[in-house]
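Down below is the structure, laid out as structure tokens.
Numbering (our numbering), first residue to last: 167 to 480.
Spelled out as structure tokens, the structure:
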């Protein structure tokens with residue numbers, strides 16, 4: 167009875183409740199539906215989503231922390247100079263085979279503690295500077311964004327790093343752009359050298375096989391480059407998130423959404439690239455198959471013309 171009533175209800179509703187209808191496709195293919203939803207979500211996050219705007223209070227807090235970081239720059243310069251001088255003085259005694267010369271080895275070991283002490287002091291000052299910069303970035307927020315180069319070359323910017331010019335979302339997008347560009351550059355260079363090697367090592371053969379081979383190698387290179395770009399982006403993303411000192415759940419959410427956006431963009435790019443490659447391969451094969459037919463149609467006409475010419479001469 168429940169089955170017959172369900173079928174009757176589905177029939178009366180025009181089949182909209184039926185699993186076999188168009189609306190039942192996600193129920194029949196849940197994995198495909200989930201993949202499609204994640205892909206669309208990633209494209210939306212990558213190109214259309216707007217991050218939270220920075221408030222004047224956040225900007226004031228950011229500038230206050232940046233001013234605190236400015237006070238460390240002088241101490242940092244002195245620490246770097248002291249470390250470089252101590253290291254240069256030690257390296258002056260690192261002559262050829264200094265480890266086997268007692269005098270040179272003793273001079274190096276005598277100056278090594280000063281170098282290590284200067285290095286530890288430099289690292290401590292750098293940690294203080296990095297902590298202040300993290301506090302400044304935390305004041306902006308991981309989910310916020312500002313105009314590019316808003317603080318670039320301004321008195322509030324003590325360095326030329328991206329943290330002073332962009333907030334979390336924009337910095338994440340720039341990180342993905344850099345990884346994507348590096349992967350594409352790798353694919354282009356590898357495809358160029360593969361083309362050179364194939365042309366130089368080519369022997370007698372058909373041009374169709376050569377073109378298809380170059381096409382497959384190019385697609386494989388771009389696939390490898392884009393996969394490596396995604397992994398590099400995901401590997402560098404946690405350090406970017408940590409620099410904003412977010413909460414655990416906020417950092418995990420940012421990483422997950424950024425990963426979905428990056429994978430969606432790369433998947434779309436590879437889909438378009440492989441689609442264009444398939445169209446090019448199909449066109450090449452179609453031309454190759456049609457060429458003998460065209461030549462075969464033209465051959466009887468040439469034979470007929472030659473026979474008529476001979477008859478006329480006779």
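Glycine included, each C-beta is placed from N, C-alpha and C at the ideal position.
Which of helix, strand or coil DSSP assigns to residue i
i, result
"residue 442", "helix"
"residue 416", "helix"
"residue 347", "helix"
"residue 425", "helix"
"residue 310", "strand"
"residue 410", "coil"
"residue 355", "helix"
"residue 367", "coil"
"residue 333", "coil"
Residue i classed as buried or exposed, judged by whether at least 16 other C-beta atoms fall within 10 angstroms
i, result
"residue 430", "buried"
"residue 432", "buried"
"residue 276", "exposed"
"residue 232", "buried"
"residue 455", "exposed"
"residue 363", "exposed"
"residue 303", "buried"
Rounded straight-line distance, which links the Cα of residue j to that of residue i
i, j, result
"residue 310", "residue 410", "11 Å"
"residue 207", "residue 426", "8 Å"
"residue 440", "residue 451", "16 Å"
"residue 205", "residue 419", "17 Å"
"residue 434", "residue 209", "9 Å"
"residue 341", "residue 234", "27 Å"
"residue 251", "residue 282", "12 Å"
"residue 402", "residue 195", "34 Å"
"residue 247", "residue 358", "45 Å"
"residue 254", "residue 286", "16 Å"
"residue 568", "residue 279", "Lying outside 167 to 480, the shown extent of the chain, residue 568 is not represented and no answer is given."
"residue 346", "residue 214", "19 Å"
"residue 308", "residue 211", "15 Å"
Q) Hey, which unbroken runs of the beta strand (DSSP E) at 3 residues or more fall wholly within the segment 191 to 268? A) none
Handout entry: the segment 384 to 403 touching the segment 336 to 352, judged by at least three CB pairs closer than 8 Å
Key = yes
### Message
Pairs of beta-carbons, one from the segment 219 to 233 and one from the segment 441 to 451, closer than 8 Å: are there three or more?
### Response
no
Check your understanding: Just checking, does the segment 287 to 298 make contact with the segment 237 to 245 on the three C-beta pairs under 8 Å criterion?
Key -> yes
Say whether the segment 402 to 420 touches the segment 297 to 304, bearing in mind that this needs 3 or more beta-carbon pairs closer than 8 Å, one atom from each stretch.
-> yes
Q. Counting Cβ pairs, one atom from each stretch, are 3 or more of them under 8 Å apart for the segment 195 to 207 and the segment 262 to 275?
A. no
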